[in-house]
Each structure stands twice: as structure tokens, then as C-alpha cells.
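> Starting off with a structure, shown below.
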Amino acid sequence: MKSPIIIFSDSPVATTGFARVVEKLVNVIIAMGEVPIVVGNKANCEPVSNKYVLIHPRFLGDEQGINTLEAVLKKTKAKIVISVEDAWKQYKLVDLKEKYGFYFIGYVPIEGIPYPRKTIMSRNPNTYLDTSIVHDAMDKIVCYTKFGKDAMAKMLEQAGIYKDISQVYHGVDTSFFLPVPKREAKKLIGIPENIILFTSIKTNNPRSGFELLLDAWKIYIEKAIKTNPDIANRSRLYIHTNCNNGAYNIKDMLIQRDIDDGYVIYSLSSISLSI
């Protein structure tokens with residue numbers, strides 16, 4: 041049996057940004073005549089093709105998927121693992137690589153600079169990890185943008201690490217994320233046209249910085265009340281924890297905040313809508 045290629049990320053049938061990347065990777069690997077095994081969360085449905093294997097760790101009581109990944113490595117003797125995750129979760133693959141000796145390809149999302157040497161755990165915002173350890177363990181680093189590639193190279197250089205970094209544009213599904221007149225989009229969900237809508241789309245976890253967002257919003261409103269009461273009165277904050285076309289089209293301004301790493305796909309989606 042040919043050694044499979046393992047993808048550790050979200051399920052390609054999920055509705056996340058990582059899932060869209062995984063979907064493309066699965067198709068490419070199949071076209072190469074290889075067999076992809078996806079150890080993927082955030083979906084409870086079956087794969088859309090019988091040409092790849094989909095394993096849901098949470099169905100096995102393994103919330104983060106690391107134990108499931110190790111079990112697959114033991115059984116298949118896979119030589120390549122592609123991780124499409126945030127750094128805090130990729131950190132857990134460092135020991136597995138040392139133990140099983142696979143070729144480690146890491147897709148790294150970057151949304152801001154300076155790219156941090158420290159990353160926080162999703163479930164424990166008081167626990168910090170050194171991201172340079174994660175990236176140093178990768179045999180190949182892949183970034184989504186030139187901006188991300190440059191930020192990654194600079195961070196690693198400061199840590200005395202020089203790695204092979206590639207850039208792959210996965211882009212946006214423009215058949216779904218397409219511009220719709222803002223007036224129509226707002227009318228569809230009952231928002232008055234004169235309302236100025238600030239939108240923030242992030243997953244609901246401590247790393248997303250909801251407290252920082254609300255603190256910043258309070259400062260903005262207080263200043264607007266003093267300097268331009270009309271703007272303050274018409275301003276609204278719309279917080280969304282999932283992605284959909286309506287959420288993108290109705291916003292006047294995207295607020296991208298984070299207390300960690302990550303270049304999220306919704307940033308590219310917003311650009312495709314000229315926001």
C-alpha cells in the first residue's frame with residue numbers, strides 16, 4: 041500500500057477558512073495520484089469523495105486531534121504531514137515529528153506585524169509558547185501572502201533560524217464572496233441604510249481578543265460623542281463568529297483584531313468585496 045499524505049487541520053467539508061485550503065489540498069493530492077488522509081475537526085458530515093479518508097477526532101473523544109494523528113501515523117507509517125493550523129496547535133506536532141520522522145509541511149497564517157515569537161494557547165490564554173520552536177521543526181513553511189512570508193522570514197531571522205518559506209495564494213471563492221450593493225445587503229437583514237456598520241468576524245475563543253475589541257469600541261464611541269455626535273449615534277458594532285456572504289457585504293468597515301498570530305481567510309474575502 042502506498043504511504044498516504046496526512047493533512048492535519050479542519051475537515052474539508054467544514055465551513056472555515058482552513059477547510060477551504062484543505063479542500064484545495066485534497067484535490068491536488070488526489071490529482072497527483074496520492075491518497076490523502078484528513079485528520080479534521082469542525083464538521084459532522086461525511087467526505088464528499090471516496091478518494092480520500094476523513095477522520096473526525098472529536099467523534100473519538102480527542103478534541104484537539106493529536107492522539108488521533110499519532111494513531112494514524114503508527115498505522116500508516118506516513119512520511120508526509122501537512123498541517124494547516126495556528127501555531128499553538130502545530131506546536132503539538134514537534135514531538136510527533138521527532139518520534140515518527142515525517143516530513144513536516146506547515147501552512148502558517150499571518151495577519152499582522154510584528155509576527156510574535158510567543159503564541160498563546162486557545163484554551164488557556166495565560167500559557168505562552170515559543171513559535172520559533174514550531175517553525176524551526178517544519179521542513180517547509182507555506183504562507184498565504186507575500187506579506188506573511190516576509191513577516192515570517194523576519195521573525196525567524198531574529199531567532200537565528202533560516203528556513204525554506206514558500207508562498208501559495210489560495211485566494212477566495214468569488215462565486216460566493218461577490219460584491220452585493222450595501223444598500224440591498226443591509227435592507228435584507230433590516231439595517232437602516234444610514235447606519236455605519238463596523239464588523240468583526242472571529243471564532244469565539246480567548247485568542248480572538250473580544251475584550252480588546254469592546255474596550256476599543258468604548259473608546260471610539262466616547263470620542264465620537266464629543267467630536268461628532270451624529271457619527272456616534274449612527275455607529276453600530278456587529279460581531280460575527282462565523283462567515284457568510286451577508287456578514288461581509290453589509291459592513292462599512294472591517295475590524296481585524298487579535299492577541300496572537302494568524303492571517304485569516306476572511307481578510308482576503310473582504311478585499312474581494314472591495315471592503
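Position in the sequence shown counted from 1, then plus 40, gives you the numbering used here.
Positions of the beta carbon are idealized from the N, C-alpha and C atoms, including for glycine.
1. Grouping DSSP H, G and I as helix and E and B as strand, with all else coil, what is D102?
2. Considering just the uninterrupted stretch of the alpha helix (DSSP H) at K180, what are its terminal residues?
3. Pull up the distance between the alpha-carbon of I120 and that of I46, whole angstroms please.
4. Are the Cβ atoms of K91 and S51 separated by less than 8 Å?
5. Cβ of L277 within 8 Å of Cβ of F250?
6. Give the straight-line distance between the Cα atoms of S162 and L252, rounded to the nearest whole angstrom.
7. Just to confirm the assignment, what range does the alpha helix (DSSP H) spanning V53 have?
8. So is P269 buried or exposed if we call it buried at 16+ other beta carbons inside 10 Å?
9. If I measure Cβ to Cβ from I106 and keep anything under 6 Å in the same chain, skipping five residues before and after, which residues do I get?
10. Is L169 helix, strand or coil when you go by DSSP?
11. Helix, strand or coil, according to DSSP, for P149 in the structure here?
12. Taking the beta carbon of I122 as the centre, do at least 16 other beta carbons fall within 10 Å, making it buried, or is it exposed?
13. Take the Cβ of M178 as the centre, count every other Cβ of all protein chains shown within 10 Å, and call the residue buried at 16 or more, exposed below.
14. By how many angstroms is the C-alpha of Y209 removed from the C-alpha of P149?
15. Use the C-beta contact count for V78: other C-beta atoms within 10 angstroms, 16 or more gives buried, fewer gives exposed.
16. Measuring only the C-alpha atoms, how far is K190 from L169?
17. R60: which of I173, E125 and I265 sits nearest, CA to CA?
18. Considering only their Cβ atoms, is the gap separating L196 from S172 smaller than 8 Å?
19. For N107, which three-state DSSP category applies?
20. Where D292 and L254 are concerned, what is the direct C-alpha to C-alpha distance, given to the nearest angstrom?
21. Skipping 5 residues on each side, what residues in its chain have a beta carbon closer than 6 Å to that of I236?
22. What three-state label does DSSP hand M192 in the structure shown?
23. Round the Cβ separation of L175 and K203 to the nearest angstrom and send it over; I've been treating them as touching at under 8 Å.
Taking the coordinates as given:
1. coil
2. That residue, K180, is in no alpha helix (DSSP H); its beta strand (DSSP E) goes K180 to C183.
3. 6 Å
4. no
5. no
6. Residue confidence is low: S162 scores 49 on pLDDT, short of 50, so the model does not pin down where it sits. No coordinate-derived value is stated.
7. Unbroken run through V53: none, as it is neither H nor E.
8. exposed
9. K132
10. strand
11. coil
12. buried
13. buried
14. 12 Å
15. buried
16. Residue identity check: residue 190 is Asp in the sequence provided, not Lys. Each residue's Cα considered, the two are about 21 Å apart.
17. E125
18. yes
19. helix
20. 18 Å
21. R274, S275 and D292
22. helix
23. Correcting the residue type first, residue 175 is His in the shown sequence and not Leu. With 8 Å as the limit, H175 and K203 qualify as a contact, their Cβ atoms being about 7 Å apart.
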